[in-house]
Amino acid sequence: MSRASVAVRTTCVASGLLLALTASPAHAQFGKLKKMGADAIKDAAKEKITSDKKPETAAASAAPAAAKKSVAAPVLTTDKVALIVASLAPQLKDAIRRDAASRAMAEWAPKKKANDECMSTLGQNADPMALMANAQKNEAKITALQKQSEGANARLNKATAAGDLRAQTFLQDTVTVLMLRGALLSTSGKCTAEFTPTAILDYQITERERYAKGGSGDSAEGFDPGPSVRGGMTAYEYGLLRERIALWALMQENPALRGTGKEGVFTADETAALTAHAADIKKMSSLFKSDALIWKTWNDVKSW
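In my numbering, each residue's number is its place in the sequence shown (first place is 1) plus 2.
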């Protein structure tokens with residue numbers, strides 16, 4: 003194939019690729035993580051205590067209100083704290099991965115959005131003559147990237163056939179970035195194509211594995227435990243007490259939060275029960291703060 007032919011082919015591919023790959027920005031796949039990333043840089047405890055005071059519709063609050071009227075206010079005892087802490091322990095690894103992804107997303111998403119917009123503009127306003135000139139100028143680099151992309155794509159096909167979800171996820175990101183970098187060499191724009199942060203891809207793999215096992219997309223597997231995990235507690239009691247444990251954990255780091263709301267007021271016996279498990283609870287503090295343990299969205303108690 004002649005040099006001119008290569009340039010023409012590369013020009014066509016570059017123009018189409020920039021439009022195709024920016025039509026659905028990659029960061030849009032991580033809407034949930036993007037929201038969590040924003041939450042990670044806020045004072046989650048203060049937001050929890052104040053936002054839950056907002057009035058709700060009768061329909062939204064009927065179930066929790068009925069539950070509160072039918073039973074006495076749940077109390078944190080040593081046994082209940084021990085049970086809740088033990089039930090959360092198996093979820094820490096997943097929550098840590100979720101937290102890392104949310105923090106990475108908070109930093110990466112704005113940059114990714116700006117870059118997607120940059121590439122979209124390039125694709126919509128492409129100058130064929132300029133594309134061809136740049137393709138000829140950077141022919142060697144473009145050819146090298148194409149070879150890398152072909153190799154990565156071959157490995158991607160093998161990973162897909164073998165059901166290797168981790169390799170498949172990382173290789174798909176690699177192929178996309180290499181193709182974009184090759185396309186950008188045909189332009190004079192200042193856009194860049196960066197690999198998705200590992201923490202985000204790691205969590206994406208965790209979510210895909212959960213879906214493959216039939217898990218829920220609303221919360222991590224096990225975050226909404228069944229009766230066998232809750233012991234003798236109802237879902238309402240378990241959820242409310244778990245949220246109060248989260249509040250207590252964050253109050254240890256920020257004493258100014260103490261007494262801000264009735265949920266954050268603990269009796270002497272409750273304080274003793276919590277203190278007995280302070281070491282294990284402290285390990286969860288950062289995960290409660292970022293909501294990686296999903297303590298602020300408990301269905302039965304979110305309308306306190």
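No residue lacks a Cβ here, since even glycine has one placed at the ideal position from N, Cα and C.
Under the three-state DSSP convention, the category residue i falls into
{"i": "L295", "result": "coil"}
{"i": "T189", "result": "coil"}
{"i": "A278", "result": "coil"}
{"i": "A75", "result": "coil"}
{"i": "K264", "result": "helix"}
{"i": "M286", "result": "coil"}
{"i": "G233", "result": "coil"}
{"i": "L172", "result": "Note that residue 172 corresponds to Phe in the displayed sequence, not to Leu. F172: helix per DSSP, three-state reduction."}
{"i": "D129", "result": "coil"}
{"i": "A195", "result": "coil"}
{"i": "T269", "result": "coil"}
Counted within 10 angstroms of its Cβ, other Cβ atoms place residue i as buried (16 or more) or exposed
{"i": "F290", "result": "buried"}
{"i": "T176", "result": "buried"}
{"i": "M181", "result": "buried"}
{"i": "S188", "result": "buried"}
{"i": "F197", "result": "exposed"}
{"i": "A214", "result": "exposed"}
{"i": "R168", "result": "exposed"}
{"i": "Q126", "result": "exposed"}
{"i": "A47", "result": "Any reading at A47 needs caution, since the residue's pLDDT is 42, under 50, leaving its predicted position unreliable; the model's value is listed next. Buried, since its Cβ has 16 or more Cβ neighbours within 10 Å."}
{"i": "K284", "result": "exposed"}
{"i": "A275", "result": "buried"}
{"i": "V267", "result": "exposed"}
{"i": "M131", "result": "exposed"}
{"i": "I43", "result": "Annotation note: pLDDT 39 at I43 (below 50); position unreliable, coordinate value reported separately. Exposed: under 16 other Cβ atoms inside 10 Å."}
{"i": "K82", "result": "buried"}
{"i": "A116", "result": "exposed"}
{"i": "A97", "result": "buried"}
{"i": "A258", "result": "exposed"}
{"i": "A154", "result": "buried"}
Distance between residue j and residue i (C-alpha atoms, nearest Å)
{"i": "G165", "j": "K114", "result": "29 Å"}
{"i": "K70", "j": "G234", "result": "Confidence at K70 is low in this model, with a pLDDT of 45, below 50, so the placement of that residue is unreliable and no value is reported for it."}
{"i": "L252", "j": "E109", "result": "24 Å"}
{"i": "Q174", "j": "T80", "result": "49 Å"}
{"i": "A103", "j": "P112", "result": "14 Å"}
{"i": "T123", "j": "A195", "result": "14 Å"}
{"i": "A281", "j": "S288", "result": "13 Å"}
{"i": "I357", "j": "K95", "result": "Look at the range of the chain in this structure, 3 to 306, and you will see that residue 357 is not part of it."}
{"i": "M107", "j": "D204", "result": "12 Å"}
{"i": "W297", "j": "D129", "result": "52 Å"}
{"i": "G193", "j": "P92", "result": "Note on residue identity: the sequence assigns Cys, not Gly, to residue 193. Cα to Cα, the separation comes out at about 42 Å."}
{"i": "Q206", "j": "G191", "result": "30 Å"}
{"i": "Y240", "j": "E209", "result": "25 Å"}
{"i": "M3", "j": "A135", "result": "Confidence in M3 is poor, its pLDDT being 47 and thus under 50, which makes the residue's placement unreliable; the coordinate value appears in the next sentence. Each residue's Cα considered, the two are about 17 Å apart."}
{"i": "E255", "j": "D271", "result": "21 Å"}
{"i": "A185", "j": "A161", "result": "25 Å"}
{"i": "M38", "j": "R244", "result": "Only weak support exists for where M38 lies, its pLDDT of 47 falling under 50; the value from the coordinates is given anyway. When rounded, the distance between both Cα atoms is 20 Å."}
{"i": "F211", "j": "E265", "result": "The sequence shown places Glu at residue 211, not Phe. Each residue's Cα considered, the two are about 36 Å apart."}
{"i": "L78", "j": "L295", "result": "19 Å"}
{"i": "L133", "j": "E141", "result": "12 Å"}
{"i": "K149", "j": "R105", "result": "34 Å"}
{"i": "Q170", "j": "V179", "result": "14 Å"}
{"i": "L23", "j": "P76", "result": "Legend: pLDDT at L23 = 48, less than 50; position of this residue unreliable, no value from coordinates given."}
{"i": "R183", "j": "A146", "result": "11 Å"}
{"i": "M286", "j": "Q138", "result": "56 Å"}
{"i": "S151", "j": "R99", "result": "29 Å"}
Residue i - containing alpha helix (DSSP H), residue span
{"i": "L147", "result": "141–164"}
{"i": "Q126", "result": "94–126"}
{"i": "D81", "result": "80–90"}
{"i": "A1", "result": "Since the first residue of the chain shown is 3 and the last is 306, residue 1 is not available in this structure."}
{"i": "A258", "result": "Where A258 is concerned, there is no enclosing alpha helix (DSSP H), given that its DSSP letter is neither H nor E."}
{"i": "A201", "result": "200–214"}
Proximity test, residue i beta-carbon vs the ligand NAD heavy atom, cut-off 7 Å
{"i": "Y240", "result": "No copy of the ligand NAD occurs in the structure displayed, which carries no ligand at all."}
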